[in-house]
Structures are given as structure tokens and as C-alpha cells.
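The structure under discussion appears below in the form of C-alpha cells.
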Amino acid sequence: RMRRIIDNGRLVQRLFWVGASGFFASSYALFSGNITKLELLYTYPPCGRLDANPGMALDEIGHVATVVSMLVVGNLADLWGRKRLYGYELLLLIVATLGIVQASEGFRSRAPDGTVQGTMDMYAWLAFWRFCLGLAISAETPLVAIITAEWVRTKSRGRIMAAIFAVQPLARLVGYGVALAALRLISRANGLSPDSVGSTGDVDGELPKHVADQVWRWAAGIGIIPALVPIGFRFTIPETPLYYADILLDTVKGAKTSAWLYMTADSPPEPSHNTAPTGAADDTDAASAASETFRRRKWYAGAVHCLRTTPAGRNLALISALWICSDTAWYCLSLESLASANTLWPDRSTTCTDANLSLYHDLSHSATRFMLVVSIGSLLGSAALIAVINRVHRRVLLMTTCGALAALFAVAGAVLLAAGEEAPVATAAVDVLFGLMHYFFTLGPRTLLLIMAAELFPTAYRGTFYSIACAAGRVGAIAIRPVIGRTTGLDRALGIRLVLVVVLMVACVVVSYFLPEVQRVSRDDDGETGLDAEEGGAEKGVGLGFMTRVRPPRGWIAWVFPKLETMTLEEIAPNLHERERI
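Numbering (the UniProt record's numbering), first residue to last: 1 to 582.
Okay, here's the thing in C-alpha cells:
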């Protein structure tokens with residue numbers, strides 16, 4: 001009954017917009033740190049603080065926080081409930097962002113030897129707040145994926161999740177636009193040409209650094225605004241029906257919750273309360289605590305049993321291996337930041353110590369080029385995924401995109417090594433290849449793994465297993481960073497990385513072959529299952545027509561891309577019966 005209520009109900013806009021807005025805020029916070037790194041290093045020279053490469057050290061701190069947060073939040077989502085933490089991660093994001101933009105050196109004075117000393121360590125504060133920000137950003141991903149997968153209709157699950165994760169490249173585009181606009185506006189407000197900020201002639205002046213300091217703080221601080229929007233709505237979204245039914249074993253409450261959200265009941269179901277005489281209150285609390293402890297111990301025993309006796313263990317190993325390979329390849333080439341200019345555009349410096357460039361020239365040139373190439377590729381990849389996710393098996397699409405990426409990386413290496421890294425033809429060719437890389441990454445592993453990891457595990461352990469797989473990818477990102485640092489100065493560093501990435505993408509193709517199917521060919525000629533056909537369709541996609549009102553193709557297109565029917569979460573990964581969990 002609960003599944004029929006969800007699948008027969010109208011599409012609830014609030015689920016999409018609340019999830020998408022929060023994911024946009026966390027993505028903006030992630031990318032803004034990469035964008036504003038140049039201004040930060042220019043304004044506050046590290047002078048050996050934090051590490052020889054403070055930018056990479058801050059990234060490593062963020063990745064460590066990501067692993068810790070994902071493992072903790074995913075497990076708590078199974079033990080405490082999905083919605084209990086939903087919204088608090090955005091509060092932490094706001095606090096961490098405020099901490100970053102208010103970090104300073106304290107009172108600065110000149111020592112007798114001529115050096116300038118501060119009463120506070122800027123980079124120590126940045127490291128602390130970057131760790132907190134990493135905790136908030138990484139907590140967002142599993143919560144959004146799990147709650148969306150369990151709340152939305154089966155037919156719309158893939159397309160809605162693809163649309164939510166499509167806001168990540170949009171956040172990157174907005175981040176670069178805000179940084180460039182802030183640099184131009186603040187420079188002119190202070191009577192400076194933007195091109196003079198960070199140039200050789202003004203390197204000893206205080207005003208250019210004053211401008212650069214404002215720029216990175218404004219660009220990072222703007223991220224608070226999108227984080228404020230969904231907080232109130234997240235606290236009011238009820239717990240998912242599957243959590244009630246499959247973890248708390250309360251199917252009645254699960255059905256009532258489904259009916260309230262999808263059938264617009266007058267009020268949400270009241271939480272159950274255990275009543276006891278006043279004199280027995282202490283005994284009731286003690287019994288409740290003992291029962292909760294027993295339930296958690298039984299849950300951990302059930303998780304081990306599930307991994308050993310069901311396909312969940314195999315699926316966890318496959319998804320983890322895919323995430324390790326894809327994330328290692330992604331961060332190996334620094335495809336998420338302007339540092340990729342040092343890798344694939346070696347003629348373009350991205351350091352603030354180059355006497356021939358100003359910050360404005362460097363940021364505007366690299367960021368504009370990065371926005372055009374990366375944003376076009378990523379946004380087109382997201383749009384393509386939304387269009388084809390119900391027409392192509394997820395496993396086949398993942399294999400195809402990973403194979404295409406392996407070929408692209410091989411071609412990019414051949415072009416650069418054969419034509420020369422500074423040849424105009426090489427630069428133009430790499431621009432095209434770089435855009436295609438982001439297109440296939442977004443169409444494939446960067447988005448599909450986020451979706452499939454929420455589908456392949458039983459409800460009782462979905463949060464924990466999802467987070468383990470996702471955290472495995474970040475472990476790969478942490479491991480590859482020292483390799484990047486040690487090979488940066490080598491003549492063949494680019495070739496070494498590209499060879500490694502090609503091998504990783506080929507491994508992704510092989511591993512993807514063994515993933516289970518989560519879709520089957522639709523039973524009806526028009527692409528509608530019997531359950532969906534009963535609904536009509538006018539009301540189902542209110543406000544989200546670009547995802548729900550897609551006319552089924554006819555003719556050869558329908559033959560090549562048949563309409564696929566998405567399986568329910570219970571069909572893909574049946575939940576263990578209560579007596580089988582121990």
C-alpha cells in the first residue's frame with residue numbers, strides 16, 4: 001500500500017527544490033574555495049606555514065573531513081533516521097563559511113628584523129574552518145541522495161536525482177561569475193584598474209592586497225545565501241516512509257506519512273508516544289534506553305550478515321572500486337579547479353608569484369576559459385543525462401562514458417606530447433578535449449555513481465553502505481595528492497598522469513560490467529507501466545515539466561532507445577526480514 005501511494009501520487013515539488021537548493025549551496029562552497037585560492041595566497045603569503053604547498057594542504061584537510069563526515073552521517077542516517085540530521089549540515093556550512101571569511105592574522109606589527117608578525121595564524125584558522133566546511137559539504141551528499149531516492153516516485157527517481165545533481169556544474173559556473181564580478185566591482189570602487197591588482201608594479205602596495213582580500217571574502221561569503229533558503233523546509237519534511245517500514249518496522253506510520261505528503265492529508269501523522277504512569281517514568285526511560293542499545297547492536301550484526309549473505313556485499317565492493325577509480329582520475333588531473341590549467345594548459349601560470357601576470361589577468365583569462373569549456377561541457381552532460389536516464393541502462397551508460405573518457409585521455413596525451421605543449425593546435429585541441437572530458441564525466445561516473453549507490457543497497461543499511469562507497473573515492477583522492485605534488489616539476493608529469501588515468505578509466509569499464517541492472521524494458525508500447533498509465537499525467541509533474549512531461553519517441557529512436565521501467569528499491573535490494581538480521 002505504501003509503495004502504491006508513493007508511485008500513484010503526484011510529484012511533490014518541495015522534495016526537488018529543497019534537495020537541489022541545499023546541494024547547490026554545498027557545491028558553491030566547495031568550488032568557491034578553489035576559485036578564491038589565488039587571492040588568498042596573494043594577500044597572505046604562506047611563508048612556509050601549514051605546508052610547502054598550503055593550497056594542497058587545505059584540500060587534503062577538506063578530503064579528510066569528507067571521509068569522516070560521510071562515514072558518521074551515513075551510519076547515523078540508518079540508526080537515527082534520515083531527517084534528523086537534514087538541515088543541520090547546512091547550519092554547519094553557514095557557521096564554517098562565516099568562520100572562513102572572518103579569519104585573520106590579528107594585530108600585525110613589524111619585528112626588529114623587518115618581518116611582519118601577527119597575533120594570530122591565518123592558515124591555522126583556515127585549516128580549522130576548512131575541516132568544518134568539509135564536514136558540512138560531505139554530509140549533504142548522502143542525505144540528499146537517500147532521502148530523494150526513498151521519497152520520490154519510482155518512475156521519476158532517476159530523472160529527479162539527475163536533475164538535483166545537475167546543480168553542481170551550475171554552482172561552479174555561478175562561483176566563477178561571482179568571483180570575476182567581485183574583482184571588477186571592488187577594484188573600481190577603490191579607484192584601481194582590475195588589471196593592476198597583483199601586478200608587478202603594485203606588488204609592494206597595500207591597496208591591491210586590500211582589494212584582493214575583499215574579493216575572496218565576498219566570493220566565499222555569498223555562499224551563505226543559498227544555504228539559508230532550504231533550512232526551514234528541511235526541518236519540516238517528514239521522515240521517509242521506507243525508514244518507518246523497513247528499519248522501525250512500523251508500516252502503518254510509513255503508509256500514513258506517504259498519504260500525508262502525496263495525498264495532501266490535513267496534517268502529518270503524529271509520532272507515537274509510549275505512555276506510562278508517572279511513578280514508572282524512570283523505569284520506562286531505562287527500558288527505552290536498553291531497547292535502543294539492543295536495537296543498535298542488532299543492526300550492526302544485521303549489517304555484517306547482509307554483506308556476507310546478500311548481493312549487497314558484492315555491490316558495495318563494485319561501487320567502492322568504481323568510486324576510487326573515477327575520483328582518483330578526477331583529482332589526478334585537478335579537473336575541479338583552476339589548478340587543471342597547470343596540468344592541461346601548461347603555458348598558463350596560476351601562481352600569484354609570476355612577475356609577468358596580474359591576479360586579474362590570470363583569474364579573468366583562466367576563469368573565463370574554464371567557465372566556457374567546463375561549464376558548457378558539464379551542463380550539456382547533465383542535460384543529456386536527464387534526457388536519456390530512462391532510455392539507457394545505467395550500467396551500459398556508465399561503461400560507455402568511462403570507455404569514452406579513457407579514449408579522450410589517451411588522445412589528449414598524444415596531442416600534447418606530439419604537437420608540443422605550447423603549440424596553438426595543441427591548446428585548441430585540449431580545450432575541446434577538456435570540455436568533452438567534463439561532458440562524459442557528468443553524463444557518466446560523476447553523477448551515475450551518486451544515483452546508483454542510493455539504489456543498490458537495502459533500506460536498513462542504505463545510508464551506511466552509500467557513505468562507505470562514497471568515502472572510498474575520497475580516500476583515492478587523498479592518496480593521489482602526494483603523487484601530484486612530487487611529479488609537478490617533472491618533464492613528463494603530464495604523461496605519467498594521463499597514463500594512470502587511462503588505466504583507471506579502463507578499470508571502471510571492466511568493473512561496471514558486473515553491476516546489476518536497476519531497469520527493465522517497459523511492458524507497454526507507449527513507455528508507461530500499468531501503474532503509471534492509470535495516473536493520466538497532467539498533475540504528476542506540476543512545476544517540473546521538463547523532467548516529467550517528455551513525449552515518448554517513436555520509430556527508430558524508440559527501437560534504439562526503448563523506454564525503460566525503473567525497478568522499485570524493494571525489487572533491486574530487498575530488505576532483510578527482521579528475523580534474518582541477527
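Just so you know, even glycine gets a beta-carbon here, dropped at the ideal spot from N, CA and C.
- Counted as a single uninterrupted DSSP element, the beta strand (DSSP E) harbouring residue 109 occupies residues 108-110.
- Just measuring C-alpha positions, the residue of 475, 259, 125 and 367 sitting nearest residue 179 is 367.
- Among the bridge pairs identified by DSSP, residue 565 is matched with 520.
- DSSP, reduced to helix, strand and coil, places residue 118 within a strand of the structure shown.
- Between residue 455 and residue 518, the CB-CB gap stays under 8 Å.
- Just measuring C-alpha positions, the residue of 190, 120 and 230 sitting nearest residue 140 is 230.
- Setting aside the 5 residues that flank it on each side, residue 169 is surrounded in the same chain by 375, 378, 379, 382 and 442, each with a C-beta closer than 7 Å to its C-beta; the list follows chain order.
- Residue environment analysis places residue 315 among the buried positions, since at least 16 neighbouring C-beta atoms fall within 10 angstroms of its C-beta.
- In the displayed model, residue 13 falls within a helix according to three-state DSSP.
- Straight-line measurement puts the Cα of residue 69 at about 35 Å from the Cα of residue 431.
- Nearest Cα to residue 182 within the set 153, 222 and 164: 222.
- A residue is called buried when at least 16 other Cβ atoms come within 10 angstroms of its Cβ; residue 120 does not meet this threshold and is exposed.
- Residue 143 and residue 77 do touch by the CB rule: their CB atoms are close to 6 Å apart, below 8 Å.
- If you check the CB distance, residue 300 and residue 81 do not come in under 8 Å.
- Pairing residue 155 with residue 566 gives a Cβ-Cβ distance under 8 Å.
- It is roughly 30 Å from the alpha-carbon of residue 482 to the alpha-carbon of residue 167.
- For residue 168, the enclosing alpha helix (DSSP H) stretches over residues 167-189.
- Considering only 206, 146, 385 and 60, the residue with the shortest C-alpha distance to residue 134 is 60.
- Going by beta carbons, residue 35 and residue 176 fall inside the 8 Å limit.
- When the alpha-carbon of residue 138 is set against those of 89, 158, 233 and 101, the nearest one is in 89.
- Distance check between residue 259 and each of 240, 211, 502 and 249 places 240 closest, using alpha-carbon atoms only.
- Secondary structure of residue 508 (DSSP, three-state): helix.
- For residue 451, same chain residues with a beta-carbon under 6 Å away, outside a window of 5 residues either side, are 161 in chain order.
- With a contact defined as Cβ atoms closer than 8 Å, residue 474 and residue 63 qualify at about 5 Å.
- Put simply, the backbone Cα of residue 465 is about 33 Å away from that of residue 410.
- For the set 257, 391, 214 and 245, the Cα lying nearest the Cα of residue 40 is the one of 214.
- C-alpha of residue 152 to C-alpha of residue 4: approximately 12 Å in a straight line.
- Judged by DSSP in its simplified three-state form, residue 214 adopts helix.
- For the 8 Å CB-CB criterion, residue 171 and residue 27 form a contact.
- Distance check between residue 403 and each of 212, 502 and 30 places 502 closest, using alpha-carbon atoms only.
- Cβ-Cβ distances below 6 Å link residue 150 to 240 and 242 in the same chain, with the five nearest sequence neighbours on each side left out; the list follows chain order.
- In the structure shown, residue 37 adopts helical secondary structure according to DSSP, grouped into three states.
- Taking each of 99, 100, 118 and 101 in turn and checking the Cα distance to residue 107, the smallest one comes out for 118.
- Distance from the Cα of residue 173 is smallest, within the candidate group 391, 371 and 247, for 371.
- Inter-residue distance for residue 568 and residue 462 is about 14 Å (C-alpha atoms, whole angstroms).
- Restricting attention to 328, 232, 131 and 512, the CA atom closest to the CA of residue 478 is found in 328.
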